[in-house]
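So the sequence lines, in the order shown, correspond to chains V and Z.
Just so you know, the first sequence maps onto residues 3 to 156 in our numbering.
Just so you know, the second sequence maps onto residues 3 to 156 in our numbering.
Shown next, in structure tokens, is the structure this report addresses.
There are 2 protein chains.
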Amino acid sequence: MKSFQDYYADDLAWCFGCGRLNLEGHHLQSFWEGETTVARFTPKAFHTAVPGFVSGGVLASIIDCHATGSASAAAHRAAGRELGDGPLPRFVTASLRVDYRHPTPLGPELVLRGRPEIASLRKVSVAVDVRVGERATVQGEAVCVALPDAMRPT
Amino acid sequence: MKSFQDYYADDLAWCFGCGRLNLEGHHLQSFWEGETTVARFTPKAFHTAVPGFVSGGVLASIIDCHATGSASAAAHRAAGRELGDGPLPRFVTASLRVDYRHPTPLGPELVLRGRPEIASLRKVSVAVDVRVGERATVQGEAVCVALPDAMRPT
């Protein structure tokens, strides 16, 4: 199954967090699961905060990318389109809030679940939680906006 | 000159964002400049958002590490100690907010400036801005707390 990020246009698929063309990046991949979105990510051994726990910066990064991917897919769906019906519109984050409620152990797969809320076809808020097994360790909220013209590759 | 992160104890110096012992990480380094703290960071070519701009996740990550480093140094100073007078106490982030006010161009050095505000020796808030030349492109705010016992290496 193709992820949201697989539907980004080639010139917009270089993100360090989720770009399929970025050879050094995290390659986060996001999918629909009903009305919510899901991404599964197993951090590498070097994605450490202190030994045994996942870096808060890496957690912020994957929340950010899952949110922009979710915003993109939600706006596409709200415009009446299916995945594969043209490239997904690219969104970027205007603001991000992350609450680290419990330490996130390094090792197990993390499951990110997003709940997009459409303000308009160009502005989508996404609540994201990160779970290890049943436990939500981190909660995030991102306000995502359609890629501004100033950031569009020429 | 040694950075704040050079004064972390060896078993707490593995962070992906700023750990001097993490071979794969960003190696952010923070310093006092009067009452504020400063870190300079030049992103790598692969720290992309869309081509030409810095990844929001990388920006969140370096803000996070500059904030915890600043909190650590500020708490140490507030306890009446100088840098080098024992290891710095390690702080972690309880919550992080990042506002991406303008796209951050990829290429130039970024200058992060932190303003720590001590709530107690175990809780410090830090406002951080990221500048490219004179322009502040990103503003962050982190609430940092002393490393909880549950995260301390045994």
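Positions of the beta carbon are idealized from the N, C-alpha and C atoms, including for glycine.
Next on the checklist: With a threshold of 8 Å between beta carbons, is Thr95/V in contact with chain Z?
Outcome noted: yes
Next on the checklist: Mapping the DSSP letters down to three states, classify Val60/V as helix, strand or coil.
Outcome noted: helix
Checklist entry - Which whole runs of the beta strand (DSSP E) in the segment 77-123 of chain Z are 3 residues long or more, in chain order? => result 93-102, 112-122
Checklist entry - Would a C-beta distance cut-off of 8 Å place Leu112/Z and Gly142/Z closer than the cut-off? => result no
Next on the checklist: If I measure Cβ to Cβ from Asp131/V and keep anything under 6 Å in the same chain, skipping five residues before and after, which residues do I get?
Outcome noted: Arg115, Ala138, Gln141
Checklist entry - Within the chosen definition, does the segment 14-24 of chain V reach the segment 67-83 of chain V through at least 3 CB pairs nearer than 8 Å? => result yes
Item to check | Buried versus exposed call for Ala75/V [16 or more other C-beta atoms within 10 Å across all chains shown] | outcome: buried
Checklist entry - Using DSSP with H/G/I as helix, E/B as strand and the rest coil, what is Thr38/Z? => result strand
Next on the checklist: Would Gly54/V and Phe6/V qualify as a contact pair, given that the criterion is a beta-carbon distance under 8 Å?
Outcome noted: no
Next on the checklist: I'd like to know whether the C-beta of Gly135/V is nearer than 8 Å to at least one C-beta of chain Z.
Outcome noted: no
Checklist entry - Are Val147/Z and Phe93/Z close, meaning C-beta to C-beta below 8 Å? => result yes
Item to check | Run of the beta strand (DSSP E) containing Cys146/V, from where it starts to where it stops | outcome: 137-148
Item to check | Identified DSSP bridge partners for Ser32/Z | outcome: Ala41/Z
Item to check | With 16 other Cβ atoms within 10 Å as the buried cut-off, status of Thr44/V | outcome: exposed
Next on the checklist: Given this structure, state the Cα-to-Cα distance separating Thr38/V from His78/V, to the nearest angstrom.
Outcome noted: 14 Å
Item to check | Within chain Z, partners of Ala62/V - CB distance below 7 Å | outcome: Gly59, Ala62, Ser63, Asp66, Leu98
Item to check | Distance CB(Ala144/V)-CB(Thr95/V) smaller than 8 Å | outcome: yes
Next on the checklist: I'd like to confirm the pairing. Which residues does DSSP put opposite Asp131/V in its beta bridges?
Outcome noted: Arg115/V, Gln141/V
Next on the checklist: For a test of the three-state rule: what should DSSP assign to Thr50/Z, helix, strand or coil?
Outcome noted: strand
Item to check | Residues sharing a beta bridge with Lys125/Z, DSSP | outcome: Ser122/Z, Val147/Z
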